[in-house]
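S.K.: In our numbering, the protein residues as written are 253 to 501.
A single structure is presented below for examination.
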């Protein structure tokens, strides 16, 4: 019960990393708001978790919807202590000149604009209640980029620098800001990152680049997020925690 009495808002909570983080946080005593564009999927996870979870529809690229999601979570739980900016998007792995501007914009809207919107929505509440934590989901792509994902890589680099700058500026408000940087993971975006079908043969092309020899599983991210969100990490802020099996060494 490392998150007993904590209230968490998790974007992109209907699938992948976000879904497992929501499950793990609930099992550790937190109430969780599962925020997703796919509200039906979020509702399924909320029902699975039980009475301590709610589902909220939100397009994280739209500031008004993010603000509404924060308000709805506070209305349901009384306050928020933990925010996980997990929702993310990517263009397909391909030559950089083949990515059109609309796709580029959407990657930044979901991966970067969303953090701006969430910061504007949650910081006044955190100041009111005396602090909290924001955990952003970056990527090893923002540290050790792979070819074919240039525009996505740059968006995650922005997430990492935003994390550090927010951590410095918000420290006096007792607001911690941290980041998780997973290596390629077993999620719905796997084929997008690989640029090819998800087959055992195609996975084998990437595994040699990860010293521990496997992809990031949702459970790996949930374990790391749990630590950063818990009181055990109350002196940790501004960190980019690599959940990468050694990829960025």
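Backbone N, C-alpha and C fix where the C-beta goes; we use that ideal spot for every residue, glycine too.
1. Is the separation between the beta-carbon of residue 492 and that of residue 433 shorter than 7 Å?
2. Let me know the secondary structure DSSP gives residue 201 once reduced to three states.
3. Looking at residue 321 and residue 364, is the spacing between their C-beta atoms short of 7 Å?
4. Buried or exposed for residue 466, going by 16 or more other Cβ atoms inside 10 Å?
5. With a Cβ-Cβ cutoff of 7 Å, do residue 282 and residue 255 count as a contact?
6. DSSP three-state call for residue 459: helix, strand or coil?
7. Can you tell me which residues form a DSSP beta bridge with residue 288?
8. Which residue marks the beginning of the alpha helix (DSSP H) containing residue 475, and which one marks its end?
9. Can you give the Cα-Cα distance for residue 428 and residue 399, rounded to whole angstroms?
10. Mind checking whether residue 390 and residue 412 have CB atoms under 7 Å apart?
11. For residue 478, tell me which candidate among 326, 335, 381 and 311 has the shortest Cα-Cα distance.
12. Are there three or more Cβ pairs, one per stretch, closer than 8 Å when the region 348 to 368 is compared with the region 319 to 333?
M.R.: A quick look at the data gives this:
1. Taking 7 Å as the Cβ cut-off, residue 492 and residue 433 qualify as a contacting pair.
2. The requested residue 201 is not part of the displayed model; the chain covers only 253 to 501.
3. Not in contact: residue 364 and residue 321 (Cβ atoms no closer than 7 Å).
4. Exposed.
5. Yes, they are a contact pair.
6. Residue 459: helix per DSSP, three-state reduction.
7. According to DSSP, residue 288 bridges with 309.
8. Looking at the DSSP string, the run of the alpha helix (DSSP H) that includes residue 475 is 470 to 481.
9. Taking the CA atoms as reference points, residue 428 sits about 33 Å from residue 399.
10. When the beta-carbon positions are compared, residue 390 and residue 412 come within less than 7 Å of each other.
11. The option with the nearest alpha carbon to residue 478 is 335.
12. No contact exists between the region 348 to 368 and the region 319 to 333.
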